[in-house]
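Here the sequence shown is numbered in the working numbering, starting from 46 and rising by one per residue.
Ideal Cβ placement from N, Cα and C applies to all residues, glycine included.
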Amino acid sequence: MAVSPKNQPHFLFFDFDGVLVTSKEINLYSGGKCPYNYLKNNTYLHYIDRILKSYNTEAYFIPISSWSSVFKDINILKEYFEQENFEALKIYEPEHYINTNNFHPKAKLENESRPYHVRDYIKRHHIKSYLVFDDECTVPYLFLGLRHIKTSVYDGITGENFNHFNFFVYNYWRKN
Numbered sequence: 046m047a048v049s050p051k052n053q054p055h056f057l058f059f060d061f062d063g064v065l066v067t068s069k070e071i072n073l074y075s076g077g078k079c080p081y082n083y084l085k086n087n088t089y090l091h092y093i094d095r096i097l098k099s100y101n102t103e104a105y106f107i108p109i110s111s112w113s114s115v116f117k118d119i120n121i122l123k124e125y126f127e128q129e130n131f132e133a134l135k136i137y138e139p140e141h142y143i144n145t146n147n148f149h150p151k152a153k154l155e156n157e158s159r160p161y162h163v164r165d166y167i168k169r170h171h172i173k174s175y176l177v178f179d180d181e182c183t184v185p186y187l188f189l190g191l192r193h194i195k196t197s198v199y200d201g202i203t204g205e206n207f208n209h210f211n212f213f214v215y216n217y218w219r220k221n
C-alpha cells in the first residue's frame, strides 16, 4: 500500500531575510552575530503555527538562508521555539540547516544556487512533503520542480502568501 502525503512528515524551508524578517529590519541589523532578536515574537511563524495547528498537522522548520551559519547551534533555535510556544511548528534536528553560502556547481546565476542546494537536500533526505518560502525568483524553483511560495523582500510573508500556504495545507497536508 502506498504511503499518502498525509502520513509523511512535512517540511518548511525558510529563507531568513525577505521571508522571516523584512529588508527594513535587516537594514537595522549590524554586526555578524546571530539575528535571533529579529525572530522574537515573529508573527509570520505564529501564523504558520496556527494554520498547521488548525488542521491538526505538524511541520519541521529548516532554515535555508545565507544566514544559515548563524543557525548552526540547534539548542539556540530549539530554545527560541520553546519560548515562542509553537505547537505545530517543530525543529528538524538531524540536519537542521542548509548551508547556502557556497555557490552550487550546477547553478549558472547566484539566485539559482539556493534552489539547487534545497533540491539536493530534499533528495538526500528523501523528503516528499515540503514547501519552500523564499524571496528569490520563482523560476529556478519551478525549473527544478520544487514547491515554492515567493515572498516579498520588503514585506516578508504577505497575506497572499498565507492564503497560498493555507490552501496548500488544507488540500495536501491536513489530517482527517
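- Spanning the alpha carbons of Asn146 and Ile96 requires a straight line of approximately 31 Å.
- Distance from the Cα of Glu132 is smallest, within the candidate group Glu181, Lys98 and Phe106, for Lys98.
- Around Phe148, the same chain offers Ser158 as residues with beta carbons nearer than 6 Å, after the five sequence neighbours per side are excluded.
- For Lys220, the secondary structure class from DSSP, reduced to helix, strand or coil, is coil.
- Under DSSP, Leu187 takes part in no beta bridge, so it has no partner.
- For His209, the three-state secondary structure derived from DSSP is helix.
- Around the Cβ of Phe56, a 10 Å sphere holds 16 or more other Cβ atoms; the residue is buried.
- With a 10 Å radius around the Cβ and a threshold of 16 neighbouring Cβ atoms, Lys151 comes out exposed.
- Around the beta carbon of Asn120, fewer than 16 other beta carbons sit within 10 angstroms, so the residue counts as exposed.
- For His171, the number of other beta carbons within 10 angstroms of its own is below 16, and it is reported as exposed.
- By the Cβ neighbour-count rule, Asn208 is exposed, with fewer than 16 other Cβ atoms within 10 Å of its own.
- In the same chain as Lys123, and ignoring 5 residues on each side of it, the C-beta atoms closer than 6 Å to its own belong to Ile136, in chain order.
- With a cutoff of 8 Å on beta-carbon distance, Ile143 and Ile93 are scored as not near each other.
- When the alpha-carbon of Val177 is set against those of Arg219, Leu84, Phe126 and Val214, the nearest one is in Val214.
- Rounded to whole angstroms, the gap between the alpha carbons of Thr88 and Tyr161 is 29 Å.
- For Pro160, the enclosing alpha helix (DSSP H) begins and ends at Glu155 to Arg169.
- Boundaries of the alpha helix (DSSP H) harbouring Lys123: Ile119 to Glu129, taken from the DSSP string.
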